[in-house]
Amino acid sequence: MIDPIPPAFFFLIGAVLIPFLKGRIREIYLLLIPVLALIDLLLLSPGTSWVYSYLGYSVVLAQVDRLSIIVGLIFVLIGFLALLYALPLRENGQHVAAFLYIGSSLGVVFAGDFFSLFIFWEIMAVTSVFLIWYRRDQPSLDAGFRYILMHAFGGSCLLAGIVIHYSTSGTL
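Count along the sequence shown starting at 1, add 55, and that's the number in the numbering used here.
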C-alpha cells in the first residue's frame, strides 16, 4: 500500500501552478487543493512515513499521531476558509504566499525530526512576512520588519535548541 502524501505537499507543490491559472479555473483550483489535502489528511494513519536519508540522517516528513491529525484538520479547514475569503484577490503573489504558509504550517505539524521542523518553520516565517507586506503601506512594511526581527530571534533560539539537542544526543 502506498503511504498518503503529507498534506503539506498539496499546498507547497500547488503554489507553483497558481501564477499560470486565470479566472474561474484559478478560483476552483484554490479551493480544490485544500479539499484534496483534507481527504489525504483523513486517510493518514498514525505512524511514520515519508522517511528519507539525507547526509546520514533520517528526515521524517510525516510523523502522524492523533493530535497531529486534529491540528492538521484545524489548519486545513482554516486555510480553506481563508482562501475562500481571499478568492476576490487578483494578485497571484498573495495566493502563492498563502499556499506556502499553509503548507509549511502543516509541514511543522507533521515534522518527525528537527531538521524538517526547522526548514518548514523558516518557510512559514518568510511567507508570513510576504503576506504582511502585500498590503504595501507603511504600517504593514513596519510590521513586517518587526516580525522579521522577532522571528530572527525566535528562529535563532529554535536553531540553538536543535544544536544543543544534537550535541547531547547525537540525533536530530
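Every residue, glycine too, gets a C-beta built ideally from N, C-alpha and C.
Note that this is a predicted model, so its numbers are computed, not measured.
* To do: Tell me whether GLN118 is buried or exposed, calling it buried when 16 or more other Cβ atoms sit within 10 Å of its Cβ.
  => By one-based count along the sequence shown, residue 118 stands at place 63. A residue is called buried when at least 16 other Cβ atoms come within 10 angstroms of its Cβ; GLN118 meets this threshold and is buried.
* Asked: Rounded to whole angstroms, how far is the Cβ of VAL151 from the Cβ of ILE73, which I believe are closer than 8 Å?
  -> Counted from its first residue, the sequence shown places residue 151 at position 96. Counted from its first residue, the sequence shown places residue 73 at position 18. Yes, VAL151 and ILE73 are in contact; Cβ-Cβ is about 5 Å, under 8 Å.
* Opening and closing residue of the alpha helix (DSSP H) in which LEU55 lies -> Here the chain has residues from 56 to 227 only, and residue 55 is not among them.
* Per the contact definition of three or more C-beta pairs closer than 8 Å, is the segment 194-206 in contact with the segment 139-150? -> Taking 8 Å as the limit for Cβ pairs, the verdict is that the segment 194-206 does not touch the segment 139-150.
* Asked: Do the CB positions of LEU161 and PRO59 come within less than 8 Å of each other?
  -> In the sequence shown, the residue the question calls residue 161 occupies position 106. In the sequence shown, the residue the question calls residue 59 occupies position 4. Cβ distance not < 8 Å, so LEU161 and PRO59 don't count as in contact.
* Rounded separation between LEU172 and VAL163 - CA only -> As a working mapping, residue 172 is identified with position 117 in the sequence shown. As a working mapping, residue 163 is identified with position 108 in the sequence shown. Per the coordinates, the alpha-carbon of LEU172 lies some 5 Å from the alpha-carbon of VAL163.
* Asked: Based on the DSSP secondary-structure assignment, which residues constitute the bridge partners of ALA207?
  -> Along the sequence shown, one-based indexing puts residue 207 at 152. Bridge partners of ALA207: none, in fact.
* To do: Could you confirm whether any beta carbon from chain B is found closer than 8 Å to the beta carbon of TYR107?
  => The displayed structure is made up of one protein chain only, and chain B is not part of it.
* May I ask whether a heavy atom of the ligand FAD can be found less than 7 Å away from the beta carbon of SER211? => With respect to the ligand FAD, the structure shown offers nothing to examine, as it has no ligands at all.
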